[in-house]
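Anchor point for the sequence shown: position 8 equals 8 in the UniProt record's numbering, and the numbering is continuous, going up by one each time. Don't be surprised by glycine CBs; every beta carbon is placed ideally from N, CA and C. Right, one structure below, let's go through it.
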Amino acid sequence: KSYADVKPWHQIGILRHFPFSSAKQRQTVIVQSAVGPPFSVNDPTAGVISVFCKGSPEALQKLCRPDTLPAHFETTLCHFTSQGYRVLALAWKPLGRSTDKLNSPEGLRLGNNAWELEYHTLRREEFESELNFLGLIVLDNPIKPQSIPTIEELSRAKLHIRMATGAFC
């Protein structure tokens with residue numbers, strides 16, 4: 001299928017972005033699906049605000065609801081990391097719909113900015129909790145061709161070479 005064949009075509013916008021942090025081992029965005037023409041306020045997918053988080057499986061495991069983690073999570077992670085693959089985890093949670101607040105007393109007072117004011121005042125940790133685990137992304141990160149001569153030289157010098165992969169197990 002081409003993009004034109006996918007119905008309905010959904011657009012999302014980033015409302016807030018928490019950049020990757022080495023200390024936190026993750027990156028998070030708050031997004032909203034499109035509202036307005038050609039999208040109807042009555043469309044259940046219009047105005048949906050969600051949190052999406054990607055990062056190290058170990059970090060996201062602590063942030064996800066336990067009932068969303070598969071029973072074989074650690075075994076699967078160990079399987080791939082022990083083979084030298086780089087593994088990232090994905091998680092998400094819904095925050096609600098921007099259109100939900102339009103008819104509330106707060107929404108009537110603040111208008112379309114009700115959600116914007118709310119999501120700008122919350123701390124990162126408030127978004128990054130009780131997430132739903134989505135899955136793992138397994139990446140192959142082969143040795144760069146220009147590194148091979150250096151590795152061969154070190155091997156000839158009888159030095160033991162190990163690759164630091166951040167393996168889980």
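Run the CB neighbour count on residue i, radius 10 Å, all protein chains shown included, and call it buried at 16 or more, exposed below.
i      : result
Ile161 : exposed
Gly84  : exposed
Thr28  : buried
Ala91  : buried
Leu95  : buried
Ile151 : exposed
Ala71  : exposed
Arg123 : exposed
Leu154 : exposed
Leu139 : exposed
Leu77  : buried
Please determine, among the options, the residue with the shortest C-alpha to C-alpha distance to residue i.
i      : options                        : result
Pro19  : Asp140, Leu77, Gly55           : Gly55
Ser33  : Gln25, Gln11, Arg16, Arg26     : Gln11
Lys93  : Leu134, Ile143, Val138, Lys158 : Leu134
Ser50  : Lys144, Ile137, Leu154, Glu126 : Glu126
Thr75  : Ser155, Leu136, Lys144         : Leu136
Thr81  : Pro57, Ala157, Gly13           : Pro57
Pro142 : Leu131, Pro149, Arg86          : Arg86
Glu128 : Ile148, Ser155, Arg156, Arg65  : Arg65
Gly13  : Ser22, Ser21, Gly47, Gln25     : Gly47
Asn132 : Gln146, Ala23, Ser21, Leu63    : Leu63
For the alpha helix (DSSP H) containing residue i, name the first residue and the last one.
i      : result
Ile148 : 148–156
Cys78  : 73–81
Glu125 : 124–127
Cutting at 6 Å between CB atoms, please list the residues of its own chain near residue i, excluding the five before and the five after it.
i           : result
Leu15       : Ile30, Gln32, Tyr119
residue 230 : This structure gives no information on residue 230, because the portion of the chain shown stretches from 1 to 169.
Gln25       : Gly55, Ser56, Ala59
From what residue to what residue does the beta strand (DSSP E) around residue i run?
i      : result
Cys53  : 48–55
Leu136 : 132–139
Tell me, which residues are paired with residue i by DSSP?
i           : result
Arg16       : Ile30
Gly96       : Ile49
residue 196 : One cannot answer for residue 196 here, as it falls past the ends of the chain, which runs 1 to 169.
Arg86       : Leu139
Ser21       : Arg26
Quick one: residues in its chain with C-beta nearer than 7 Å to the C-beta of residue i, no 5 flanking neighbours on either side, listed in chain order?
i      : result
Arg156 : none
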